[in-house]
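> Residue numbering for the sequence shown follows our numbering, starting at 46 and increasing by one per position.
Idealized CB from N, CA, C, for every residue including glycine.
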Amino acid sequence: MRNKYVIELSKGGYMKYISHLDMVRLFKNAFKRAGIRLVYSQGFNPHPKLSLAQPLSLGYSSTCELLEFEIAEDLPPAEILDRMNPMMPKGIELFKCRRMAEGKSYASRAVAASYEVCIPIKAGDRCDAEGLCRDFLKQESIQAFKRQKKTEIKKETDIKGMIRELHGELLNDKIILYIKSDAGNRSNLSPELFISAFVSFSGINAAREDISVKRTGLFFSR
46 MRNKYVIELS KGGYMKYISH LDMVRLFKNA FKRAGIRLVY SQGFNPHPKL SLAQPLSLGY
106 SSTCELLEFE IAEDLPPAEI LDRMNPMMPK GIELFKCRRM AEGKSYASRA VAASYEVCIP
166 IKAGDRCDAE GLCRDFLKQE SIQAFKRQKK TEIKKETDIK GMIRELHGEL LNDKIILYIK
226 SDAGNRSNLS PELFISAFVS FSGINAARED ISVKRTGLFF SR
């Protein structure tokens with residue numbers, strides 16, 4: 046029986062500006078300081094068997110990150126949590142650890158994610174949040190411009206089929222959108238594409254740096 050575990054954690058505060066690769070390095074070093082030996086892969090360039098289930102974009106906070114890892118000894122999940130939490134910087138909270146069943150990793154089984162998108166509004170902006178969501182989804186197609194990795198050319202893409210659920214509410218001077226969308230290897234909708242399409246459609250005059258995104262859920266196939 047392999048000693049495979051998953052830790053549930055949140056990421057917020059200034060830590061939301063830490064990149065995915067830096068998060069992996071952070072945990073690698075934290076395990077070392079906690080005296081917990083990670084298992085490494087074989088081959089010319091061995092690396093620790095440690096990964097986050099679904100990369101989180103820079104600047105996003107999250108309440109539902111999953112860290113998968115394998116260690117060299119059999120430890121109770123509660124002990125792992127007790128030894129790892131003191132190694133965490135402010136903004137990272139580990140709140141549950143459990144053993145993983147044998148089978149495919151969470152990363153390979155991810156199919157969807159949910160987000161809260163907070164958009165500030167000003168006088169004159171349409172503030173009927175639920176009506177905006179309804180009208181947005183009524184479009185025959187929802188076009189967004191996706192930048193191609195190799196060529197850097199922006200290509201128009203229809204994202205409507207990747208939006209699974211969308212609701213909204215007005216809270217003080219902000220529209221809060223609750224979206225569930227495709228995420229994973231087969232189909233993946235970046236919240237950035239959704240935000241650009243929604244802001245363009247609604248006519249809301251909000252700067253991107255004033256819009257916050259929080260991931261609230263990850264969903265997996267069996």
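#1: How should Q184 be labelled, buried or exposed, when 16 other C-beta atoms within 10 angstroms of its C-beta is the threshold for buried?
#2: Exposed or buried, what is L182 when buried is set at 16 or more other beta-carbons lying within 10 Å of its beta-carbon?
#3: Of the choices S266, R267, F265 and R260, whose alpha-carbon is the least far from that of E110?
#4: Less than 9 Å between the beta carbons of A157 and F264, yes or no?
#5: Expressed to the nearest angstrom, what Euclidean distance is found between the alpha-carbon atoms of I256 and Q87?
#6: What alpha helix (DSSP H) runs, 4 residues minimum, are completely inside the stretch 48 to 129?
#7: At a cut of 8 Å, does the stretch 142 to 162 reach the stretch 99 to 114 through at least three beta carbon pairs?
#8: On the three-state DSSP scale, how would you describe K199?
#9: With distances taken between CB atoms, is the gap from L139 to V51 smaller than 9 Å?
#10: Ends of the alpha helix (DSSP H) at D180?
#11: Are L103 and H65 touching if we call contact CB-CB under 9 Å?
Looking at the coordinates:
#1: exposed
#2: exposed
#3: R260
#4: yes
#5: 43 Å
#6: 65 to 78 and 122 to 129
#7: yes
#8: strand
#9: no
#10: A174 to K183
#11: yes
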